[in-house]
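A.B. asks:
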Amino acid sequence: MSHLGRRRCCIGWMQGGWTGAMAIAQANLLDDQALVRAAREGDEPAFAELFQRYYGLVYRLAFRMAGSAEEAEDLAQEVFIRLYRRPPELADGETLRPWLYRVTANLGLNALRARRR
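Residue numbers (the UniProt record's numbering): 1 to 117.
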């Protein structure tokens, strides 16, 4: 991308005084909090958006831990079942990403321990 192209791209990101990556992070933060709140109240499209947004992230971490596509899919499915049944309470300034990492890592470690037995 040319310098001019990058500049146009950054200008397009300007929102309410925030620019660039800060604006995107702020928008995602608000969206995560709003989507989790809506999912907690039973809003299926909100949950679908969270799934769409984070499935790839969860799957990649699960695959690195499990080593197989089939087991990674099972772990990712379990993470989203837990999110659906009991969405976390997000504090101000918190995104869903750390919760997803923690749950995925814990489930992956549990699967590894079970495999050793």
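Cβ atoms here follow ideal geometry from the backbone N, Cα and C, with glycine treated the same way.
Would L50 and A62 qualify as a contact pair, given that the criterion is a beta-carbon distance under 8 Å?
C.D. replies: For the purposes of this step, residue 50 is identified with residue 50 of the sequence shown, where counting begins at 1. For the purposes of this step, residue 62 is identified with residue 62 of the sequence shown, where counting begins at 1. In this structure, A62 does not lie closer than 8 Å to L50 by Cβ.
A.B. asks: Give the single residue among R115, V103, R116, E41 whose Cα lies nearest to the Cα of F80.
C.D. replies: Locating residue 80 in the sequence shown gives position 80, where the first residue counts as 1. Closest option to F80, Cα to Cα, is V103.
A.B. asks: Less than 8 Å separating the beta-carbons of M105 and E71?
C.D. replies: Indexing the sequence shown from 1 puts residue 105 at position 105. Indexing the sequence shown from 1 puts residue 71 at position 71. According to the sequence provided, residue 105 is Ala. The question's Met does not apply to it. Going by C-beta atoms, A105 is not nearer than 8 Å to E71.
A.B. asks: Can you find the residues in the same chain that come closer than 6 Å, C-beta to C-beta, to Q33, ignoring five residues on each side of it along the sequence?
C.D. replies: In the sequence shown, counting from the first residue as 1, residue 33 sits at position 33. Excluding sequence neighbours, Q33 sits near L90.
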